[in-house]
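>
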Amino acid sequence: MELTLTGLTKTFQNHTAVNNLTLTMDTGVYGLLGVNGAGKTTLMRMLCTLLTPTSGTATWDGQDIFALGPSYRRLLGYLPQEFGYYPEFSVQDYLLYIASLKGLRPATAKERTEELLRQVGLVKERKQKMKKLSGGMKRRAGIAQAMLNDPKILILDEPTAGLDPKERIRFRNLISELAEDRLVLLSTHIVSDVEYIANQILLMKDGSLVHQGTTQDLLSTAPTRVWTCTVSREQAGELLHRYPVSNLKSLPQGTQLRILSQESPGPEAVPETMTLEDLFLYYFGERAGETDDTL
Numbered sequence: 147m148e149l150t151l152t153g154l155t156k157t158f159q160n161h162t163a164v165n166n167l168t169l170t171m172d173t174g175v176y177g178l179l180g181v182n183g184a185g186k187t188t189l190m191r192m193l194c195t196l197l198t199p200t201s202g203t204a205t206w207d208g209q210d211i212f213a214l215g216p217s218y219r220r221l222l223g224y225l226p227q228e229f230g231y232y233p234e235f236s237v238q239d240y241l242l243y244i245a246s247l248k249g250l251r252p253a254t255a256k257e258r259t260e261e262l263l264r265q266v267g268l269v270k271e272r273k274q275k276m277k278k279l280s281g282g283m284k285r286r287a288g289i290a291q292a293m294l295n296d297p298k299i300l301i302l303d304e305p306t307a308g309l310d311p312k313e314r315i316r317f318r319n320l321i322s323e324l325a326e327d328r329l330v331l332l333s334t335h336i337v338s339d340v341e342y343i344a345n346q347i348l349l350m351k352d353g354s355l356v357h358q359g360t361t362q363d364l365l366s367t368a369p370t371r372v373w374t375c376t377v378s379r380e381q382a383g384e385l386l387h388r389y390p391v392s393n394l395k396s397l398p399q400g401t402q403l404r405i406l407s408q409e410s411p412g413p414e415a416v417p418e419t420m421t422l423e424d425l426f427l428y429y430f431g432e433r434a435g436e437t438d439d440t441l
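In our numbering, the protein residues as written are 147 to 441.
(1) Can you tell me the Cβ-Cβ gap for THR376 and LEU397, rounded? I've got them flagged as a contact below 8 Å.
(2) Could you name each continuous beta strand (DSSP E) segment of 3 residues or more that falls completely within the stretch 338-423, going from the start of the chain to the end?
(3) Check whether the Cβ of MET293 lies closer than 7 Å to any heavy atom of the ligand SAM, and answer yes or no.
(4) I'd like to check one pair, TRP206 with LEU167: are the Cβ atoms closer than 8 Å?
(5) Would you mind sorting GLU304 into buried or exposed? The rule is 16 or more other CB atoms within 10 Å of its CB.
(6) First and last residue of the alpha helix (DSSP H) that includes ASN319?
(7) From VAL266 to THR162, what distance separates their C-alpha atoms?
(8) Is DSSP giving SER246 helix, strand or coil here?
(9) Hey, how far is the Cα of THR360 from the Cα of TYR342?
(10) Output the distance between the C-alpha atoms of HIS395 and ASP363, rounded to the nearest integer angstrom.
(11) Would you kindly check if the distance between the Cβ of ALA245 and the Cβ of ASP352 is under 8 Å?
(12) Let's test the definition: count the other Cβ atoms within 10 Å of the Cβ of MET171 and tell me whether it reaches 16, buried, or not, exposed.
(13) Using a Cβ-Cβ cut-off of 7 Å (strictly less than) and excluding sequence neighbours within five positions of THR152, which residues of its own chain qualify?
(14) Along the beta strand (DSSP E) that carries PHE158, what are the first and last residues, could you check?
(15) Taking just the CA atoms, how far does VAL340 sit from TYR428?
(16) Can THR187 and THR157 be called in contact, C-beta distance under 8 Å?
(17) Starting from the C-beta of ALA415, find all residues in its chain whose C-beta is less than 6 Å away, skip the five residues before and the five after it, and write them out in chain order.
(18) Which runs of the beta strand (DSSP E), 3 residues or longer, sit entirely within the stretch 179-254?
(19) Under three-state DSSP, which class holds GLU425?
(20) Over the uninterrupted beta strand (DSSP E) stretch that includes ALA163, give me the two end residues.
(21) Quick one, which of HIS357, THR370, HIS387, GLN402 has its alpha-carbon nearest SER378's?
(22) In three-state terms, what does DSSP make of ASP303?
(23) Give the DSSP bridge partners of THR259, in chain order.
(24) List the residues that DSSP assigns as beta-bridge partners of LYS275.
(25) Are there three or more Cβ pairs, one per stretch, closer than 8 Å when the stretch 268-285 is compared with the stretch 230-237?
(26) Return the first residue and the last residue of the beta strand (DSSP E) that LEU329 is part of.
(27) Thinking C-beta only, is ILE301 closer than 8 Å to TYR218?
(28) Per DSSP, which residues does VAL175 bridge with? Please list them.
(29) May I ask which residues mark the beginning and end of the alpha helix (DSSP H) holding LYS284?
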């Protein structure tokens with residue numbers, strides 16, 4: 147069971163959103179991590195056959211996904227950043243409606259709906275109208291609709307966007323559970339969403355993969371180090387101009403900085419253990435979250 151991308155490229159006029167991307171994925175959670183505008187959504191839309199690549203191929207077990215057509219899409223579950231629903235439908239009716247669009251037989255649709263309502267924790271809300279749900283509950287309903295056909299490939303585009311920390315933790319646990327026997331590709335710009343659940347992390351920048359591996363792989367091969375130091379406000383201003391700083395904290399005795407630098411930034415600096423968030427800053431800098439990921 148392999149999804150293989152070879153030289154996958156998508157260009158819009160003069161802008162290359164996905165650039166010559168080569169990657170092989172099988173069972174497990176793949177965390178696609180990058181700032182808004184990195185090309186994550188474009189990549190996912192191609193993998194869902196909603197966009198045709200400008201060049202390159204995407205194959206499922208050796209067969210082109212666009213040539214496979216409906217037989218490939220039957221293996222696919224997709225939760226976009228914004229998914230459509232009829233606001234007057236109850237949660238249960240919404241899932242039954244989507245199941246009919248996916249070609250599930252009525253008995254199977256009813257059984258899967260019951261199972262998924264339990265799995266995503268929406269049994270009590272089953273009769274509630276979609277428009278009345280909280281943001282977190284709507285995202286849970288979105289995952290349920292993506293899972294109706296018991297997909298082998300589950301693609302989730304920013305599934306925790308706008309959720310509070312409690313709902314994000316719930317989602318991470320749910321995604322880990324769903325990934326037991328399928329390929330899950332999860333895109334995000336929130337480091338904690340993938341740090342603990344992804345088998346592989348894919349760092350994407352300007353349409354290209356800049357690094358991939360387990361969290362430990364990425365941290366052990368990091369091309370920089372992390373230091374903390376507490377300095378005066380004047381010194382802090384100077385250091386902020388000279389180095390990437392992943393954290394700044396005001397203290398009674400001065401300003402504490404967490405600095406990324408291969409060499410010690412000063413005699414008062416103490417080496418620290420690098421985190422994935424530090425590495426994210428190293429690769430993506432201050433652009434994190436500042437641009438729109440519509441491509």
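For each residue, glycine too, the CB sits at the ideal point set by N, CA and C.
Taking the coordinates as given:
(1) By one-based count along the sequence shown, residue 376 stands at place 230. By one-based count along the sequence shown, residue 397 stands at place 251. Indeed they touch by this definition, with Cβ atoms about 6 Å apart.
(2) 346-351, 354-359, 372-377, 391-397, 400-406, 416-418
(3) This structure lacks the ligand SAM, and indeed carries no ligand of any kind.
(4) Taking the sequence shown and counting its residues from 1, the one referred to as residue 167 is at position 21. Taking the sequence shown and counting its residues from 1, the one referred to as residue 206 is at position 60. The answer is no: Cβ separation not under 8 Å.
(5) As a working mapping, residue 304 is identified with position 158 in the sequence shown. Buried, by the Cβ-count rule.
(6) Residue 319 sits at position 173 when you count from the first residue of the sequence shown. Counting along the chain, the alpha helix (DSSP H) containing ASN319 begins and ends at 311-324.
(7) As a working note, residue 266 is residue 120 in the sequence shown. As a working note, residue 162 is residue 16 in the sequence shown. If you take the alpha carbons of VAL266 and THR162, they lie about 37 Å apart.
(8) Numbered from 1 along the sequence shown, position 100 holds the residue referred to as residue 246. Correct three-state label for SER246: helix.
(9) As a working note, residue 360 is residue 214 in the sequence shown. As a working note, residue 342 is residue 196 in the sequence shown. Their Cα atoms are separated by approximately 10 Å.
(10) Sequence index remark: in the sequence shown, residue 395 carries index 249 (1-based). Sequence index remark: in the sequence shown, residue 363 carries index 217 (1-based). The sequence given here has Lys at residue 395, not His. Using only the alpha carbons, I get a separation of about 29 Å.
(11) Reading the sequence shown from its first residue, position 206 is the one you call residue 352. Reading the sequence shown from its first residue, position 99 is the one you call residue 245. Not a contact, by the Cβ cut-off of 8 Å.
(12) As a working note, residue 171 is residue 25 in the sequence shown. So MET171 counts as buried.
(13) Within the sequence shown, residue 152 is the residue found at index 6, counting from 1. Excluding sequence neighbours, THR152 sits near THR168, GLY202, THR203.
(14) Here residue 158 refers to the residue found at position 12 of the sequence shown. 149-158 is the extent of the beta strand (DSSP E) around PHE158.
(15) Along the sequence shown, one-based indexing puts residue 428 at 282. Along the sequence shown, one-based indexing puts residue 340 at 194. Distance between the alpha carbons of TYR428 and VAL340: 17 Å.
(16) Mapped onto the sequence shown, residue 187 falls at position 41. Mapped onto the sequence shown, residue 157 falls at position 11. Taking 8 Å as the Cβ cut-off, THR187 and THR157 do not qualify as a contacting pair.
(17) Within the sequence shown, numbered from 1, the residue matching residue 415 stands at position 269. Cβ within range, chain order: TRP373, CYS375.
(18) 201-206, 222-225
(19) Counted from its first residue, the sequence shown places residue 425 at position 279. The residue asked about is misnamed: residue 425 is Leu in this sequence, not Glu. It is helical.
(20) Taking the first residue of the sequence shown as position 1, residue 163 is located at position 17. It spans 161-171 - the beta strand (DSSP E) in which ALA163 sits, taken as one unbroken run.
(21) Here the question's residue 378 lines up with position 232 in the sequence shown. Nearest C-alpha to SER378: GLN402.
(22) Within the sequence shown, residue 303 is the residue found at index 157, counting from 1. If DSSP states are grouped into helix, strand and coil, ASP303 belongs with the strands.
(23) The residue you call residue 259 lines up with position 113 of the sequence shown. DSSP, once it has assigned bridges, lists no residue as partnering THR259.
(24) Taking the first residue of the sequence shown as position 1, residue 275 is located at position 129. Per DSSP, SER236.
(25) yes
(26) Along the sequence shown, one-based indexing puts residue 329 at 183. That run of the beta strand (DSSP E) goes 329-334.
(27) Position 72 of the sequence shown, counting from 1, holds the residue named residue 218. Position 155 of the sequence shown, counting from 1, holds the residue named residue 301. The answer is no: Cβ separation not under 8 Å.
(28) Translated into positions along the sequence shown, residue 175 becomes position 29. VAL330, per the DSSP bridge assignment.
(29) Counting from 1 along the sequence shown, the entry for residue 284 is found at position 138. Residues 281-293.
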